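Colleague: Pasting a structure below so you can have a look.
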Amino acid sequence: MSRREGYALHPKAHKALVKRTAKPGQNPGSRSRSKTSQYSLQLREKQKVKRLYGLLERQFSKLMKEASLQEGQSGQILLQMLEQRADNAVYRAGFASSRRAARQLVTHGHFMLNDTRIDIPSIRLKPGDTLSVRPHSHQTEYFKKLDDVSPAPSGLPAWLKVDRKKTTLSVTGIPSRDDAEPDINEQLIVEYYSR
Numbered sequence: 730m731s732r733r734e735g736y737a738l739h740p741k742a743h744k745a746l747v748k749r750t751a752k753p754g755q756n757p758g759s760r761s762r763s764k765t766s767q768y769s770l771q772l773r774e775k776q777k778v779k780r781l782y783g784l785l786e787r788q789f790s791k792l793m794k795e796a797s798l799q800e801g802q803s804g805q806i807l808l809q810m811l812e813q814r815a816d817n818a819v820y821r822a823g824f825a826s827s828r829r830a831a832r833q834l835v836t837h838g839h840f841m842l843n844d845t846r847i848d849i850p851s852i853r854l855k856p857g858d859t860l861s862v863r864p865h866s867h868q869t870e871y872f873k874k875l876d877d878v879s880p881a882p883s884g885l886p887a888w889l890k891v892d893r894k895k896t897t898l899s900v901t902g903i904p905s906r907d908d909a910e911p912d913i914n915e916q917l918i919v920e921y922y923s924r
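Using this note's numbering, the letters of the sequence shown correspond one by one to residues 730 to 924.
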């Protein structure tokens, strides 16, 4: 999928992109001469963001519809909603090495939101929420060796406050556009859905 989008959707995908630069199903020696249409650019951007955050088509379109109903720029609101998901917050806090791994940790019920066990990765966090690892889950090998499995990220987003020793994260604000991936062109996604 990373090769198809030409973008590393997973931390380990960089190696695959360096090794094999051609799109899947394409001969590495041949070059595509057809001009890329505007629709194709919009579709590829939508697919890239959808796959980056691990959403299905219906989930993503519902989120875009919700973002378009709110006041402000739809593209930025969409990215804000994607960043506020519980699985993304776990990934951003450095408790998982990828969004897919963070999604699995949340789905398996290892986290508590405001002292209530959750297993739905799409829960949207609000300012004041606290996400912590369940006491029972502290005994698992994963969380005992957390620093080896998932080292602390170099830069934390401003909207999260993380305590790695207690394995808790607090939401201190709302994510800004700068907190999302820098090479996302959200305007193309808005254009795709406004056709």
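Glycine included, C-beta positions come from ideal geometry on N, C-alpha and C. Bear in mind the structure is a predicted one, so any value in this text is a computation, not a measurement.
Suppose the cutoff is 7 angstroms on Cβ atoms and the five residues either side in sequence are ignored; what does the same chain contact list for L770 look like?
Modeller: L917
Colleague: To the nearest whole angstrom, what separates the beta carbons of D908 and A887, a pair I think is in contact under 8 angstroms?
Modeller: 7 angstroms
Colleague: Of all the alpha helix (DSSP H) runs that stay within the bounds of the stretch 823-909, which reach a length of 4 or more residues?
Modeller: Scanning the stretch 823-909 from its first residue to its last, the whole alpha helix (DSSP H) runs of 4-plus residues come out as 828-836, 870-873, 875-878.
Colleague: Thinking R787 and Q813 are a contact (beta carbons under 8 angstroms), I'd like their distance in whole angstroms, please.
Modeller: Incorrect: roughly 19 angstroms between the Cβ atoms, too far for contact.
Colleague: Could I get the ranges of all uninterrupted alpha helix (DSSP H) runs contained in the stretch 776-814, with 4 residues as the minimum, in chain order?
Modeller: 786-798, 803-812
Colleague: Looking at C-beta atoms only, is the number of pairs between the stretch 811-830 and the stretch 864-880 that lie closer than 8 angstroms three or more?
Modeller: yes
Colleague: Kindly list the residues whose CB is nearer than 6 angstroms to the CB of V900, restricted to its own chain and excluding five residues on each side of it in sequence; keep chain order.
Modeller: L854, P856, D858
Colleague: Of the choices P864, A831, A830, whose alpha-carbon is the least far from that of R846?
Modeller: P864
Colleague: Could you check the C-alpha separation between E915 and F840 for me, to the nearest Å?
Modeller: 30 angstroms
Colleague: Find out if the Cβ-Cβ distance for the pair M810, L798 is shorter than 7 angstroms.
Modeller: no
Colleague: Drop a sphere of 10 angstroms on the beta-carbon of K775, count the other beta-carbons inside from all chains shown, and report buried for 16 or more, exposed for fewer.
Modeller: buried
Colleague: Mind checking whether P850 and T836 have CB atoms under 7 angstroms apart?
Modeller: yes
Colleague: Measuring straight from C-alpha to C-alpha, what distance separates L889 and K764?
Modeller: If you take the alpha carbons of L889 and K764, they lie about 42 angstroms apart.
Colleague: Could you spell out where the alpha helix (DSSP H) holding I913 opens and where it closes?
Modeller: First-last for I913: undefined, no H or E at that position.
Colleague: Could you tell me the alpha carbon to alpha carbon distance between S766 and R773, rounded to whole angstroms?
Modeller: Answer to the nearest angstrom: the Cα atoms are 11 angstroms apart.
Colleague: Between Q805 and the rest of its own chain, which residues show a CB-CB distance below 7 angstroms, the 5 nearest in sequence each way excluded?
Modeller: R906, E915
Colleague: With a Cβ-Cβ cutoff of 7 angstroms, do A796 and S803 count as a contact?
Modeller: In this structure, S803 lies closer than 7 angstroms to A796 by Cβ.
Colleague: Our contact map puts V862 next to T896 with C-beta atoms below 8 angstroms; I'd like the distance itself, whole angstroms only.
Modeller: 4 angstroms
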